[in-house]
Ligand code: ADP
Ligand code: F6P
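Residue numbers (my numbering): 27 to 350.
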């Protein structure tokens, strides 16, 4: 039987994440191994609409498995959220002979992928975001590198916080989700972890704990604050005024999105990229590759987007008891 998908495209969309390059490399090489032509679409959906499409060879993805960022660049594209933009995107795919696309990105990118699918372009999503906030999967490309980067940075802040006997509020990324904060809170032995999913805004309780800890002889007080709560600088000013303890805020910011991907991110991203190509080769569309309970699986995009997940309650409880 003749193959339905002969030419595939690959794009990265939304916030970049370390390991995206490993996924691109895998899509390109797995596609070529299956006899497909592979095209790289630059700058996410924005590049698709601008027809920034390049042929990819096996050597186009040499020397990238170890590099952070994305060689295809990434973007956010409002035009693609309109039906007209999506129709145009699908027409451009057809014009370039692209009958299958792998979209590496987060939930927003998957919404776009679902729309492309509805317009007749076989589309598969691969979860790429440092936030770990995609409900259908226990793993997203970039999270492992981001938490390791943040952990190392927080260890450094901790040294100076101890020397100066300060309170330090360190804000980590995660958009509306607290996974990076939870992991760093545990890994860095923080005195407090503030997650958007659980924080009740009771700053007085926080202040009381800081004072009590100081009385117990603790030299520093590390608070990991999630971006979803934010306001770290004003929080620091209020805490200093209320406790009399010098307090500084550090917002780690975009450094968490860069750097050399960890082994886990390289390997998982490579496997997910190849799985996406396999799905296209089987004639499938409108699916998301996921990692669930130790297995690589795939879900219908709309079903995946309808799923919800929360910070595991037991993990949060354990993190709290370790801060005592
Ligand atoms: P992420 O993929 O990391 O969640 P965004 O939410 O910024 O990042 O989404 C990335 C891009 O996906 C957007 O800039 C837009 O082009 C596209 N996108 C987001 N939501 C939709 C939607 N509802 N329909 C079509 N495309 C969308
Ligand atoms: O989704 C990844 C992420 O880094 C979030 O943690 C953060 O909220 C957002 O992207 C920042 O986006 P930008 O790159 O537009 O500042």
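Yeah, the Cβ is synthetic: ideal placement off N, Cα and C, and Gly gets one too.
Using a Cβ-Cβ cut-off of 7 Å (strictly less than) and excluding sequence neighbours within five positions of residue i, which residues of its own chain qualify?
{"i": "residue 106", "result": "71, 75, 112, 115, 138"}
{"i": "residue 285", "result": "44, 94, 171, 175"}
{"i": "residue 100", "result": "38, 39, 40, 42, 69, 70"}
{"i": "residue 62", "result": "31, 32, 33, 34"}
{"i": "residue 325", "result": "162, 313, 314, 316"}
{"i": "residue 120", "result": "none"}
{"i": "residue 302", "result": "53, 128, 150, 152, 315"}
{"i": "residue 122", "result": "65, 79"}
{"i": "residue 253", "result": "197, 198, 199, 200, 201"}
{"i": "residue 146", "result": "116"}
{"i": "residue 288", "result": "170, 171, 174"}
{"i": "residue 346", "result": "none"}
{"i": "residue 334", "result": "161"}
From the options, pick the residue whose C-alpha is nearest to that of residue i; which is it?
{"i": "residue 80", "options": "250, 68, 109, 203", "result": "68"}
{"i": "residue 155", "options": "331, 325, 43", "result": "43"}
{"i": "residue 54", "options": "348, 304, 291", "result": "304"}
{"i": "residue 77", "options": "84, 85, 66", "result": "66"}
{"i": "residue 128", "options": "331, 310, 321", "result": "310"}
{"i": "residue 337", "options": "256, 120, 158", "result": "158"}
{"i": "residue 184", "options": "117, 327, 211", "result": "211"}
{"i": "residue 280", "options": "199, 213, 146", "result": "199"}
{"i": "residue 180", "options": "205, 216, 103, 203", "result": "216"}
{"i": "residue 84", "options": "98, 130, 58", "result": "58"}
{"i": "residue 322", "options": "294, 335, 277", "result": "294"}
{"i": "residue 132", "options": "50, 331, 124", "result": "331"}
{"i": "residue 189", "options": "234, 206, 235, 244", "result": "244"}
{"i": "residue 256", "options": "235, 240, 278", "result": "278"}
{"i": "residue 130", "options": "228, 48, 334, 234", "result": "48"}
{"i": "residue 260", "options": "229, 282, 234", "result": "229"}
{"i": "residue 292", "options": "89, 82, 60, 36", "result": "89"}
{"i": "residue 103", "options": "82, 92, 110, 73", "result": "73"}
{"i": "residue 135", "options": "240, 320, 36, 282", "result": "36"}
{"i": "residue 233", "options": "271, 205, 307, 207", "result": "271"}
Tell me which same chain residues have a C-beta within less than 6 Å of the C-beta of residue i, skipping the five on either side of it?
{"i": "residue 249", "result": "195, 218"}
{"i": "residue 143", "result": "149, 311, 312"}
{"i": "residue 348", "result": "none"}
{"i": "residue 153", "result": "160, 163, 166"}
{"i": "residue 22", "result": "Summary: the structure shown does not reach residue 22, with the chain confined to residues 27 through 350, and so no result is reported for it."}
{"i": "residue 237", "result": "269"}
{"i": "residue 276", "result": "183, 196"}
{"i": "residue 209", "result": "173"}
{"i": "residue 213", "result": "177"}
Once you ignore the five residues that flank residue i on each side, which residues in its own chain have a CB closer than 8 Å to its CB?
{"i": "residue 273", "result": "192, 193, 194, 195, 262, 263, 265, 266"}
{"i": "residue 318", "result": "162, 163, 164"}
{"i": "residue 350", "result": "none"}
{"i": "residue 27", "result": "At residue 27, the pLDDT of 48 sits below 50, so the modelled position is not reliable; the number obtained from the coordinates is stated separately. Closer than 8 Å at Cβ, skipping near neighbours: no residue."}
{"i": "residue 8", "result": "One cannot answer for residue 8 here, as it falls past the ends of the chain, which runs 27 to 350."}
{"i": "residue 125", "result": "30, 31, 32, 33, 34, 119, 147, 148"}
{"i": "residue 87", "result": "47, 50, 51, 54, 55, 97"}
Can you determine whether any heavy atom of the ligand ADP sits closer than 8 Å to the C-beta of residue i, and answer yes or no?
{"i": "residue 133", "result": "yes"}
{"i": "residue 311", "result": "no"}
{"i": "residue 335", "result": "no"}
{"i": "residue 346", "result": "no"}
{"i": "residue 52", "result": "no"}
{"i": "residue 259", "result": "no"}
{"i": "residue 73", "result": "no"}
{"i": "residue 96", "result": "no"}
{"i": "residue 112", "result": "yes"}
{"i": "residue 106", "result": "yes"}
{"i": "residue 66", "result": "no"}
{"i": "residue 141", "result": "yes"}
Report whether the distance from the Cβ of residue i to the nearest heavy atom of the ligand F6P is below 8 Å.
{"i": "residue 280", "result": "yes"}
{"i": "residue 155", "result": "yes"}
{"i": "residue 69", "result": "no"}
{"i": "residue 49", "result": "no"}
{"i": "residue 223", "result": "no"}
{"i": "residue 46", "result": "no"}
{"i": "residue 137", "result": "no"}
{"i": "residue 177", "result": "no"}
{"i": "residue 101", "result": "no"}
{"i": "residue 253", "result": "yes"}
{"i": "residue 295", "result": "no"}
Do residue i and the ligand FMN come close, with the Cβ less than 8 Å from some heavy atom?
{"i": "residue 35", "result": "Ligands displayed in this structure: the ligand ADP and the ligand F6P; the ligand FMN is not among them."}
_Quick check: the stretch 171-180 against the stretch 298-310, are at least 3 beta-carbon pairs closer than 8 Å?_
no
*Complete runs of the alpha helix (DSSP H) confined to the stretch 164-213 [at least 4 residues]*: 169-189, 205-213
*Does the stretch 327-343 come close enough to the stretch 210-224 that 3 or more CB-CB pairs lie under 8 Å?*
yes
*What are the complete alpha helix (DSSP H) segments, minimum 4 residues, inside the stretch 81-157?*
109-121, 133-144
*Please specify which runs of the alpha helix (DSSP H), each continuous and at least 4 residues long, are wholly inside the stretch 266-330, giving them in chain order.*
289-307
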